[in-house]
């Protein structure tokens, strides 16, 4: 009997891989875009090209990566099989067209086209929610992770509604109140209501597996969950017209971030895993970015800091530092696993096969680590200063880092094809199952 | 050489978690080995209930033990009682 061609309860590894490859492509495009848009990034953030750039990151990179990872991880973290593989495939095609359409129409500044692309995007996201919802039919084990996933998908639905409303409002103005508070609420819903709970949720289940360490303790879990559950609605309502809630909400979210960081670093210190690979270094470094993100977020909410430069720096450390570096780190763990599973698991036990570490490319991963972390710090500092030349330089560093990351992934992906030929010598002869490391 | 739990444990040291690069023995995933003539029963766990490698690890354990001389049948039982914790890891020097 051979092992199944797909991980237990999951889809074919090619489905999440397709999402993750599309996401990595968007990441490279966005990083190149930062270098290209230096002068625009030195100005006000509400600029068509910057909206195109931001949505390339939030939709093309972050959302596609989380959805792809969800199709791989939901069977693991929630122990439920995915309802429909076919729907997952269709959903990716719809999202790819919609995101490309949105980028193009932001770039061209054509609002009716943008509204149509946003509508198509909403269809793609709705299909994902349907697929996940049906996968979780009858689900009763509302653990910490499951509640955070529920919170995250609620945040995704609201972010999408806000986004579609903002796009439609450009064609048929109907939204009450000022424009920028609604825009800021949309941004915070995406960062804090959709992406952050999903990262906390997945981290709670997979970091202990990766680090070989203990799961979050009760107070860590409580603060992470309720800090977000109470804080994000308060931030959004505070932005939309109940200003008294804004600071309290920001402090609650900062508390959740602090609890997550405290757990992650405690776990890293007490881990049983002998060494840290680049993926784990990425996620720990990303976690450290929660500190400046929380400080800037609370300061902006309390009006201790203000203006588009600080707001842009907040977005850089949150979206570029905390969120993007976490996703890069997780992808450096997930992609080799999926490729290995597809290429080598049917042969393991019958002939020598590599470990995941052996199909990875640590040099490229290390280079990506230096360039991406350095690039994010540099970009945050330079958008604060508003110097276009330095912003462009930071963008160039980021772009090189993104290319190194893409190269590392591409080399892993080559095993999907090269593994079919003659068996390379991975070091141990039969009957060894895997090479000793 | 007659079958013994030690011999089977040695065989299981060749079954690795591909992500961690550690054997199922070092990870503390093997809860028990029983031998009844040529029939071997192995009780093991996984690092998480939804472990994507569940079917594969079971198969690799079966293959590694099944190759030992004198083994006629291998039965692998996956249990989560008691659940696995990192405290079960016993690191041995790389061979």
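Protein chains in written order, with the numbering used here: chain E, 3 to 439; chain Z, 1319 to 1413. Ideal placement from N, C-alpha and C gives every residue a C-beta, glycine not left out. Note that the coordinates shown come from a computational prediction; the quantities given were computed from them, not determined experimentally.
- No Cβ of chain Z is located within less than 8 Å of the beta carbon of residue 330(E).
- If you check each beta-carbon in the stretch 1387 to 1402 of chain Z against every beta-carbon of chain E, none falls closer than 8 Å.
- Exposed is the label assigned to residue 1398(Z), since fewer than 16 other Cβ atoms lie within 10 Å of its Cβ.
- Contact note: residue 1365(Z) reaches chain E through 211, using a C-beta cutoff of 7 Å and chain order.
- Under a criterion of Cβ atoms nearer than 8 Å, no residue of chain E is adjacent to residue 1356(Z); the nearest Cβ is some 18 Å distant.
- Three or more beta-carbon pairs drawn from the stretch 206 to 222 of chain E and the stretch 274 to 293 of chain E are found closer than 8 Å, and the two stretches are therefore classed as touching.
- Chain Z places a beta carbon closer than 8 Å to that of residue 342(E), counting this residue as a contact.
- Annotation for residue 1353(Z): the continuous beta strand (DSSP E) segment containing it runs 1348 to 1354.
- With the criterion set as a beta carbon lying under 7 Å from some beta carbon of chain Z, the members of the stretch 70 to 102 of chain E are 77, 78, 79 and 81, in sequence order.
- The closest CA to that of residue 392(E), considering only 13(E), 24(E), 52(E) and 42(E), is found on 42(E).
- No Cβ-Cβ contact shorter than 8 Å links residue 168(E) with residue 194(E).
- The Cβ neighbour count for residue 336(E), taken over all protein chains shown within 10 Å, is at least 16; the residue is labelled buried.
- Within the same chain, and ignoring the five residues on either side of residue 207(E) in sequence, the residues whose Cβ sits closer than 6 Å to its Cβ are 79 and 147.
- Per DSSP, the continuous beta strand (DSSP E) segment holding residue 1391(Z) begins and ends at 1391 to 1396.
- Taking C-beta atoms as the reference points, residue 119(E) and residue 130(E) fail to come closer than 8 Å.
- Annotation: the continuous beta strand (DSSP E) that includes residue 1358(Z) extends over 1357 to 1362.
- For residue 304(E), no alpha helix (DSSP H) run applies, since DSSP gives it neither H nor E.
- Per the C-alpha coordinates, the member of 261(E), 395(E) and 200(E) positioned closest to residue 38(E) is 395(E).
- In terms of CA proximity to residue 117(E), 162(E) leads the group 245(E), 162(E), 19(E) and 81(E).
- Ranked by Cα distance from residue 18(E), the first of 90(E), 55(E), 149(E) and 51(E) is 90(E).
- For residue 339(E), the chain Z residues whose C-beta falls within less than 7 Å of its own C-beta are 1337, listed in chain order.
- Under the three-state reduction of DSSP, residue 48(E) is assigned to coil, being neither helix nor strand.
- Every unbroken stretch of the alpha helix (DSSP H) spanning 4 or more residues and falling wholly within the stretch 89 to 172 of chain E is given here in chain order: 113 to 137.
- Remark: C-beta atoms of residue 253(E) and residue 300(E) approach each other more closely than 8 Å.
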